[in-house]
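Under the working numbering, the sequence shown has 19 at position 37, and the numbering climbs by one with no breaks.
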Amino acid sequence: MNALARPTFRFAPSPNGLLHLGHARSALMNAAMAKAIDGRLLLRIEDIDAARCRPDYEAAIHEDLAWLGLDWERPVRRQSEHFPDYRAALDKLLAMGLVYESFESRAEIRREVEERPGWPRDPDGAPLFPFARETMSESERASRRAAGEPHALRLDMRRAAAMAGPLGWREVGGAGPDAADTLVADPLAWGDIVIARKDVPTSYHLAVVVDDALQGVTYVVRGSDLKAATSVHRLLQLLLGLPEPLYTHHPLLLDAEGRKLSKSIGSESLRALRQAGVSAGEVRRRALGPSA
């Protein structure tokens, strides 16, 4: 982290559904930490998934955050407006020989994994990519690419990790940056991640590290479900020569069944709570605890 930079935090939701209490916790924590050290608070809209992201959800994000009493710097960065930035980063990785085309379909990958009982999974629980770079010759890749076959681009994780060497990140608790713990990164646990999708010239992992660097983000405060992904982000930061922020991964809010709150399981939205007459103050209390 640049010691001369003004502390900068960001809340970066995707407009693919309505925000819930888990989002409120993360947004409020970013705002509180920024205020405590006279930092900046940014809002970033992570909308690279055009098939799922919608303008009405984006508008709802602004509405919900304002209702909670939050304010942030303008203009707001929207990822869909910055694909050239991600392409430039991707080109650097390509020039290093760390990226290769993956022509396998989701069905092919699923069948391959099903035929290999006990196949290893990444920290998110998804099966690791079962096809090594060496399972297809470079000449065949070139031929299929020339034929216009759709493909994703994957990071050759073994080569990338070997090039980077040992990695870690600084995890900040409540005592501030001087008390940060250095945690060991393990990017190999993720296998050959998609670095650019078939339909989008980037991925979450690539876009987020590029955005954080370009926006001068010095503190990344997010849920503990993304803690393991920090290994990939630190790898990409080192390979691309990007600055290293400090990280805080806060505990998640869980529902009555012990599941993390999520759009995908229909967790109650902030809009629904507001429409039910719940006050912004009560939502803040539920998101952060009784002291909020």
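Every residue gets a Cβ at the ideal spot worked out from N, C-alpha and C, and that includes glycine.
Just so it is clear, the structure is predicted and the values come from calculations on it, not from any experiment.
Within 10 Å of its beta-carbon, does residue i have 16 or more other beta-carbons around it, so buried, or fewer, so exposed?
| i | result |
| --- | --- |
| Ile247 | exposed |
| Pro66 | exposed |
| Thr164 | exposed |
| Gly100 | exposed |
| Gly240 | exposed |
| Asp193 | buried |
| Ser121 | exposed |
| Arg204 | buried |
| Gly155 | exposed |
| Ser87 | exposed |
State the DSSP-derived secondary structure class of residue i, mapped to helix, strand or coil.
| i | result |
| --- | --- |
| Ala114 | coil |
| Thr212 | helix |
| Gly248 | coil |
| Val199 | coil |
| Gly293 | No answer is possible for residue 293: it lies beyond the span of the chain, which begins at -17 and ends at 274. |
| Asp138 | coil |
| Ala189 | helix |
| Ala133 | According to the sequence shown, residue 133 is His rather than Ala. Of the three classes helix, strand and coil, the one that applies to His133 here is coil, per DSSP. |
| Ala(-13) | coil |
| Lys180 | coil |
| Pro(-3) | coil |
Taking 8 Å as the cut-off, decide whether the C-beta atoms of residue i and residue j are in contact.
| i | j | result |
| --- | --- | --- |
| Met78 | Leu221 | yes |
| Tyr68 | Thr212 | no |
| Ile27 | Val58 | yes |
| Tyr229 | Val202 | yes |
| Leu217 | Leu149 | yes |
| Ala18 | Leu50 | no |
| Val81 | Leu170 | no |
| Asp138 | Asp106 | no |
| His215 | Glu153 | no |
| Lys180 | His2 | no |
Look at the alpha carbon of residue i and the alpha carbon of residue j, and state the distance between them as a whole number of angstroms.
| i | j | result |
| --- | --- | --- |
| Pro227 | Ala71 | 18 Å |
| Arg141 | His5 | 36 Å |
| Leu52 | Leu234 | 20 Å |
| Glu83 | Val260 | 50 Å |
| Pro225 | Gln257 | 42 Å |
| Met118 | Arg268 | 52 Å |
| Arg126 | Thr200 | 42 Å |
| Arg36 | Asn(-2) | 6 Å |
| Val176 | Ala238 | 34 Å |
| Glu45 | Thr(-10) | 22 Å |
| Glu90 | Pro(-5) | 31 Å |
| Ala189 | Leu110 | 21 Å |
Please confirm if residue i has its CB atom under 8 Å from at least one CB of chain C.
| i | result |
| --- | --- |
| Ala167 | Absent here is chain C; the protein component of the structure consists of one chain. |
Quiz item: Whole alpha helix (DSSP H) runs in the stretch 29 to 100 with 4 or more residues, listed along the chain?
Solution: 37 to 49, 65 to 77, 88 to 96
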